[in-house]
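Beneath this line is the structure, given in structure tokens, with notes to follow.
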Amino acid sequence: MTIAVTGATGQLGRLVIARLKETVPASGIVALVRSPAKAADLGVEAREADYGNPDALARALAGVDTLLLISSNEIGQRAAQHRNVVNAAKAAGVGRIVYTSLLHADRSPLSLAEEHRATEADIRASGIPFTILRNGWYTENHTGSVGAALAGGAFIGSAGDGRISSATRADYADAAVAVLTGTGHEGRTYELAGDDAVTLADLAAEISRQSGKDIPYRNLPEADFAAILAGFGLPEAFAKGIASWDADASKGALFDDGRQLSALIGRPTTPLSAAVAAALPR
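Residues 1 to 282 (UniProt numbering) are what the sequence shown spells out, left to right.
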């Protein structure tokens, strides 16, 4: 069996490849990447596969039995890019697609959800057996700001008291591998989220505990948070997106208590304390 992974040099993709190699022979794994040279360290076959190049995708998917379609990071272009992959997979005779979607994509208010809904629909319409992994928030989306919080003396956001059931990329990678290498997952849609829901105030408290510094959480109006992010150099549209996702989180958009992720990976999800420890500057 040949398993192919799109976006294999990305942060999630690299983790999936590494964990797959612990379970199946490297000869049965294919990394689908825009630049095969950047995948030389993965230790598996790398094939050029640009989401925007249908011909390259068709060549790259030849002989693939199972495809992990990790969603593109180009927000606004995802639906078309993913459709190219799905069409190429159908033409190549791929036997199964596993797709990383968004938690509760069918009803999520997040602006990210629309493109995921479109891709889920395309996959279902393709006739290819599938599994949908609706990944919740990555803990790293917030712990990536630990350094800035320590430098600025506060953790800022617009999530209010919203409970966020995040999990680490490693948790989601393990879920993907469990589905890619397991049985009984066809036609299933999994709502994947961390075992423990926390607020950004909880995160700030954990940063304070581990760093020995007083790092409060400061909740800001959505527009103010977006302006600060843009001031840090983020593109304005992306800054507004991040602020809006925080605002949606304040209303429960990133909460889930189904524990399907820990059930799938056979262990508890990574606790906040471990995620913060990994993010603290050395």
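All C-beta atoms in this analysis are idealised placements derived from N, C-alpha and C, irrespective of residue type, glycine included. On a predicted model such as this, the values are computed, not experimentally measured, just so you know.
query                                                                                                           : result
Any 3 or more C-beta pairs closer than 8 Å across the region 121-129 and the region 157-164                     : no
Cβ-based neighbour list, Leu229, same chain, cut-off 7 Å, excluding 5 preceding and 5 following                 : Ala239, Ile242, Ala243
Nearest-angstrom Cα separation, counted from Glu236 out to Thr66                                                : 38 Å
Closest by C-alpha distance to Asp256, when choosing among Ala201, Gly52, Ser108                                : Ser108
Status (buried if at least 16 other CB within 10 Å, exposed otherwise) for Ala89                                : buried
Heavy atom of the ligand MG within 7 Å of Asp256 beta-carbon                                                    : With respect to the ligand MG, the structure shown offers nothing to examine, as it has no ligands at all.
Local conformation of Leu12 per DSSP, three classes                                                             : helix
Residue range of the alpha helix (DSSP H) that includes Ser126                                                  : 113-126
Cβ contact check for the region 47-60 and the region 139-149: 3 or more pairs under 8 Å                         : no
CB contact flag (Val64, Thr181, <8 Å)                                                                           : no
Any 3 or more C-beta pairs closer than 8 Å across the region 98-107 and the region 35-42                        : no
For Arg96, three-class secondary structure by DSSP                                                              : strand
Stretch pair the region 7-22 + the region 172-181: three plus CB contacts closer than 8 Å                       : yes
Three CB pairs or more closer than 8 Å across the region 184-192 and the region 259-267                         : yes
Burial state of Ala226, where buried means 16 or more other Cβ atoms lie within 10 Å                            : buried
Cβ contact (3+ pairs, closer than 8 Å) linking the region 42-56 and the region 195-206                          : no
Which of helix, strand or coil DSSP assigns to Gly157                                                           : strand
Exposure of Ser71, with buried meaning 16 or more beta-carbon neighbours within 10 Å                            : buried
Beta-carbon spacing of Ile103, Gly136 below 8 Å                                                                 : This sequence places Leu at residue 103; Ile is not what is there. Contact flag set, yes.
Buried or exposed (CB count within 10 angstroms, at least 16 for buried), Leu280                                : exposed
DSSP-derived helix/strand/coil call for Arg78                                                                   : helix
Simplified DSSP assignment, three categories, for Ile215                                                        : coil
Straight-line gap, Arg218 to Phe155 (C-alpha atoms, nearest Å)                                                  : 6 Å
Other residues of its chain near Ala149: CB distance less than 8 Å, five sequence neighbours each side excluded : Phe155, Ile156, Ala204, Ile207, Ile215
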